[in-house]
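Colleague: The structure follows.
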Amino acid sequence: MRYQLKPITQDNWREAANLSVAENQKSLIEENRDSLLEATYDRALQWTPIGLYVDHKMVGFAMIGAENQTERSIWFDRFMIDHRHQKQGYGHALFRAVLTYLKDHYRNVDTIYLSVHKENVKAFPFYESFGFVQLNEEDPQNGELIMQHTLTRD
Numbered sequence: 369m370r371y372q373l374k375p376i377t378q379d380n381w382r383e384a385a386n387l388s389v390a391e392n393q394k395s396l397i398e399e400n401r402d403s404l405l406e407a408t409y410d411r412a413l414q415w416t417p418i419g420l421y422v423d424h425k426m427v428g429f430a431m432i433g434a435e436n437q438t439e440r441s442i443w444f445d446r447f448m449i450d451h452r453h454q455k456q457g458y459g460h461a462l463f464r465a466v467l468t469y470l471k472d473h474y475r476n477v478d479t480i481y482l483s484v485h486k487e488n489v490k491a492f493p494f495y496e497s498f499g500f501v502q503l504n505e506e507d508p509q510n511g512e513l514i515m516q517h518t519l520t521r522d
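Numbering (this note's numbering), first residue to last: 369 to 522.
Structural data, given as structure tokens:
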């Protein structure tokens, strides 16, 4: 299988907007449509929406941004796999691919933050398996719990 990250553009934004999580997950993450609007209009934080592909088919969505050069940090703000493609190992492979992308393309970043809905109990061990740790802090904008990962480079 070939895993790829591609920027969301005028050619694939509809495909990204039509991806969705399972019904019981919808209260745990923002819809991709909302993320795309945020990336378009919240320009100060320079959000970058990314399509997550397996063998040339978009199966997920991620968004990164809010880079802070003083703190040498960036937010991995969204990550989802479409409900039709879950439980196939894509989540682990594509999450790892985004981390590698951050490591390779943001050389001045040492710390990655993300936030998790308190009730998203499956997400915590998933993110912890990649080295994220809980900070016991809440995101003031949405009340989600903040996790942090320190990048190591070879």
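Backbone N, C-alpha and C define an ideal beta-carbon position, used for all residues, glycine too.
Taking 8 angstroms as the cut-off, does the region 474 to 490 touch the region 499 to 516 (at least 3 CB pairs, one atom from each stretch)?
Modeller: yes
Colleague: Quick check on Pro417: buried or exposed, where buried means 16 or more other Cβ atoms within 10 Å of its Cβ?
Modeller: buried
Colleague: Nearest-angstrom Cα distance between Asp507 and Asp445?
Modeller: 11 angstroms
Colleague: Identify whether Asn504 lies in helix, strand or coil by the three-state DSSP scheme.
Modeller: strand
Colleague: Assuming Gly433 contacts Met426 under a Cβ cut-off of 8 angstroms, what Cβ separation, rounded to an integer in Å, is found between them?
Modeller: So it is not a contact: roughly 20 angstroms between Cβ atoms.
Colleague: With DSSP collapsed to three states, give me the class of Phe498.
Modeller: coil
Colleague: If you drop the 5 nearest sequence neighbours on each side, which residues of the same chain put their C-beta closer than 8 angstroms to that of Val466?
Modeller: Leu373, Ile418, Leu420, Ala430, Ile432, Phe444, Phe447
Colleague: Pull up the CB-CB distance for Ile442 and Gly428, whole angstroms please, since I reckon it's below 8 angstroms.
Modeller: Not really, about 19 angstroms apart at Cβ, beyond 8 angstroms.
Colleague: Am I right that Leu519 and Lys471 are in contact with their C-beta atoms under 8 angstroms? What's the rounded C-beta distance?
Modeller: 5 angstroms
Colleague: Assuming the contact rule is C-beta atoms closer than 8 angstroms, Asn476 and Gln414 should be a hit. Round their C-beta distance to whole Å, please.
Modeller: Actually they are not in contact, since the Cβ atoms of Asn476 and Gln414 sit about 14 angstroms apart, beyond 8 angstroms.
Colleague: When DSSP labels each residue in this structure, what does Gln331 get in the three-state scheme?
Modeller: Residue 331 is absent from the structure shown; the chain starts at 369 and stops at 522.
Colleague: Given this structure, state the Cα-to-Cα distance separating Arg440 from Tyr469, to the nearest angstrom.
Modeller: C-alpha separation (whole angstroms): 16 angstroms.
Colleague: Ends of the beta strand (DSSP E) at Thr520?
Modeller: Unbroken run through Thr520: none, as it is neither H nor E.
Colleague: Just tell me which of Ser395, Leu387, Tyr474, Gln456 has its CA closest to the CA of Arg521.
Modeller: Tyr474
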